[in-house]
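Positions -15 to 228 (this note's numbering) are the ones given, in order, by the sequence shown. Read through the structure below, which is laid out as structure tokens, and then see the notes.
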Amino acid sequence: MQTAAGSTISAELRQRLAEAKRVLVLTGAGVSAESGVPTFRGGGNSAVWKGLPFDVISSGAMLERNLPAVWEWFDYRRGVLQALKPNAAHETIARWQDRFPELTVVTQNVDGLHQLAGSRNVVELHGSIWRARCLVCRLVHEIPREGARPEACRDCGNAVRPDVVLFGEMLPAGAFEFAAQRAADCELCLVIGTSGLVYPAAGLPEIAKSAGAFVCEINPEPTPLSDLCDEAIQGKAGEVLPEL
Ligand code: BJW
Ligand code: ZN
């Protein structure tokens, strides 16, 4: 079947959507693209900040070398995000909580837009731009959407860092293991708006597929995960998801 935007959705996927009880959604930067959040990769380009490729500025090595520069990059991005709203893709995924008995939303995004759309219990594999974490006692501080971020830990006074997972850093304890368990248990796995290049997140669709799930990708471009998928819908998340 053709969507209004011209993508094709198979009868098999429609049936799977109608019957599935345990659904895992894995999202990446592409799900927020239609809200105006720049992606990291895609369209042949990679994000650059003041001449630094994002995988240099968003790295554990840079954090150790120049914490103020890392904060400047994240302060800039929070400033951009302040004015942005969830799009039809985030809203559709939030509505799926009432459609599927067990929905697990796993995101690589740090922008908080799934939660703003109403999704609950989102598994944030790469942390959140809306939190800071103490370098010493690890206390997590919420950063208000409007207003200043903490300059220092309110408990011990030491420096804080963005509570995000930078390249070369470990994911939050238990987050990937939980997501991997849900991937192994799901019947339907939807992989939405990710380039599928960053591990371990990109390993989740393979876990789902190996365990027998139907795996479907929604992305305007093919990715390294496309061949593994049972179905790849080429289209924008904000246009395709409301049609599913
Ligand atoms: C649309 C759309 C629309 C556009 N609708 N779609 C195995 C081999 C080699 C290296 C490794 C390995 N395993 C692990 C590693 C190291 C590394 C890694 O994966 N490197 C690879 C690049 C090779 N992984 C790590 O370092 C991870 N840690 C780890 O594994 O710890 C253990 C370890 C330590 C040391 C060594 C080895 C192991 C941590 C990864 C943390 C990633 N962090 C970032 C930055 C977060 C902070 C920040 O925001 O700055 O997370 S990197 C960046 O990429 C960000 C994203 O979450 C992540 C994924 O990107 P995503 O979401 O897929 O976005 P894009 O931009 O790549 O793609 C957008 C897609 O949307 C495109 O496909 C478009 O077509 C599509 N699109 N419009 C639908 N409208
Ligand atoms: Zn502290």
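By construction, the Cβ of each residue, glycine as well, lies at the ideal position given by its N, Cα and C atoms.
- Val120 has its Cβ nearer than 7 Å to a heavy atom of the ligand ZN.
- For Ser179, DSSP assigns no beta-bridge partner whatsoever.
- Pro226 and Gln(-1) have their alpha carbons spaced roughly 16 Å apart.
- The closest heavy atom of the ligand ZN lies less than 7 Å from the beta carbon of Asp139.
- Contact between the region 147 to 156 and the region 167 to 178 is not established, with fewer than three Cβ pairs separated by less than 8 Å.
- For the pair Ser210 and Glu201, the Cα-to-Cα distance works out to about 7 Å.
- Contact between Leu109 and Ala159 holds: CB atoms are separated by about 6 Å, below the 8 Å threshold.
- Straight-line measurement puts the Cα of Ala45 at about 32 Å from the Cα of His74.
- The three-state secondary structure of Ile41, taken from DSSP, is helix.
- DSSP places Leu209 in the coil class of the three-state scheme, outside both helix and strand.
- As a beta-bridge residue in DSSP terms, Pro146 pairs with Ala116.
- DSSP places Arg0 in the uninterrupted alpha helix (DSSP H) bounded by -5 to 3.
- Cβ contact annotation for Ser179 (same chain, cutoff 6 Å, sequence separation greater than five): Arg25, Thr207, in chain order.
- The beta carbon of Glu130 sits closer than 8 Å to those of Gln66, all from its chain and outside the five residues before and after it, given in chain order.
- Remark: the C-beta of Lys220 is in contact range of the ligand BJW, defined as less than 7 Å to any heavy atom.
- Distance between Gly12 and Val94, taken at the CA atoms: about 9 Å.
- Within 7 Å of the C-beta of Leu123 there is at least one heavy atom belonging to the ligand ZN.
- The criterion of a C-beta distance shorter than 8 Å is not satisfied by Asn142 and Gly177.
- Taking Cys140 as reference, the option from Trp55, Leu150, Pro146, His125 with the minimal CA-CA separation is His125.
- Lys220 and Val9 have their C-alpha atoms roughly 15 Å apart.
- Taking C-beta separations shorter than 8 Å and ignoring five residues to either side along the sequence, the partners of Ile127 in its chain run Arg62, Ile113, Trp114, Arg115, Ala116, Arg133, Pro134, following chain order.
- Linking Thr(-8) to Val144 through their CA atoms gives a straight-line distance of about 47 Å.
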